[in-house]
Structure formats: C-alpha cells, structure tokens
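Trainee: Numbering (the numbering used here), first residue to last: 434 to 588. First the structure, which I've put down as structure tokens, then a few questions once you've had a look.
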C-alpha cells in the first residue's frame, strides 16, 4: 500500500526504500533530490512538483497523463534493471545529464518530456534509454549508451 504524502509535510526521507511507494496528496511535497530504490514507486497523480535530481534503481515514477507534472532541475540516473517514467516530465534549464548505468539496464520514458529550451539532454552510461511518447525534447547529445526514439514526433 502506498504511503500517502499528506498536506503540510514534505516527503522525508527523500529516499523510498526497496519495494516501497509514496503517493502525493497535494502538489510541491518534495524538496531537493529524490532516490527510488529497488522496485520503489513514486506517484504524483495529477499533482506537480520540482526536484533537484532523480535517481532510480529498477523503479517507477508516475504522473497522470493530464495535469500531473514532475520537473527535474538536474540529472536523471537509472541503474539496476528496468525503470520507467510515465505521464508528464519537464527537464528545466541547462544541459541535463541522463545516465543509464549498466549495459543491461533500461530506462523506459513514456512520459511527455517538455521544455528543454535553453539546454539539452546529455546521454551518458552504457545502458538503454527509450523514449516512446510524442515529445518536444529539442537537443539531445549522445555521449554513450543506446538511445531509442519510438515516435516520429520526438523532436
């Protein structure tokens, strides 16, 4: 069962342990960096939030496909298996490094990724990064790993 993040509280610790989950009850519940450990889930639903960075380990981040939005103002890192980000994702500001560490690791991004207007996604790590939604990503710099774009409207 998901641990609700209630009004007037921020998600502390900002690390969701192995197999754990947290669900937002209102917007702007997390400050700083977020780490999701093995098989953890963070569900924003129709809420919005801005975090400084996101680290996933075989974990899932979900927003609604409507008004839910997670803004990541820094790096996104995934390791240890298959992770996913769905719904709506904004990557703000300058160049943002997305790392999928190991050769067998996969990060599936079915989220609509938006607003990379003054920077780019910088792809790092030996793993696979899959984008499947229509996106307005803009610039992508492929420094390492495999990156797959499964939608003709990704740029």
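Heads up, the beta-carbon is just placed ideally off N, CA and C, and yes, glycines get one too. Predicted model only: the values in this text are computed from it and were never measured.
Taking 6 Å as the limit between beta carbons, can you name the residues of its chain near residue 540, skipping five residues before and five after?
Mentor: Cβ within range, chain order: 511, 516, 533 and 562.
Trainee: Would you say residue 490 and residue 513 are within 8 Å of each other, going by their C-beta atoms?
Mentor: Contact flag set, yes.
Trainee: Between which residues of its own chain and residue 466 is the CB-CB distance below 8 Å, once the five residues before and five after are set aside?
Mentor: Cβ within range, chain order: 447, 484, 485, 486, 487, 488 and 507.
Trainee: Which of the three DSSP states is assigned to residue 482 in this structure?
Mentor: In this structure, residue 482 counts as strand in the three-state DSSP scheme.
Trainee: Just how far apart, CA to CA, sit residue 462 and residue 476?
Mentor: Distance between the alpha carbons of residue 462 and residue 476: 12 Å.
Trainee: Report the rounded CA-to-CA distance for residue 572 versus residue 559, giving the unit in angstroms.
Mentor: Going from the Cα of residue 572 to the Cα of residue 559 covers about 20 Å.
Trainee: Quick check on residue 522: buried or exposed, where buried means 16 or more other Cβ atoms within 10 Å of its Cβ?
Mentor: Classification of residue 522: buried, given that the 10 Å Cβ count is 16 or more.
Trainee: Could you pull out every residue in the same chain whose Cβ sits closer than 6 Å to the Cβ of residue 542, ignoring the five residues on either side in sequence?
Mentor: Closer than 6 Å at Cβ, skipping near neighbours: 518 and 564.
Trainee: I'd like the list of long-range same chain contacts for residue 436, defined as Cβ closer than 6 Å, with 5 residues on each side in sequence excluded.
Mentor: Its pLDDT being 46, under 50, residue 436 is placed unreliably in this model, and the value from its coordinates should be taken loosely. The answer, listed in chain order, is 455.
Trainee: Please report how far the alpha carbon of residue 547 lies from the alpha carbon of residue 468, in whole angstroms.
Mentor: Straight-line Cα distance between these residues: approximately 22 Å.
Trainee: Considering Cα atoms alone, identify which of 457, 579 and 524 is closest to residue 538.
Mentor: Considering only alpha carbons, the answer is 579.
Trainee: Just to confirm, are residue 552 and residue 529 a CB contact at a threshold of 8 Å?
Mentor: Closer than 8 Å, so yes.
Trainee: Work out the CA separation of residue 575 and residue 527 for me, nearest whole Å.
Mentor: In a straight line, the C-alpha of residue 527 is about 16 Å away from that of residue 575.
Trainee: Should residue 536 and residue 495 be called a contact, given that it needs their Cβ atoms to be closer than 8 Å?
Mentor: Contact flag unset, no.
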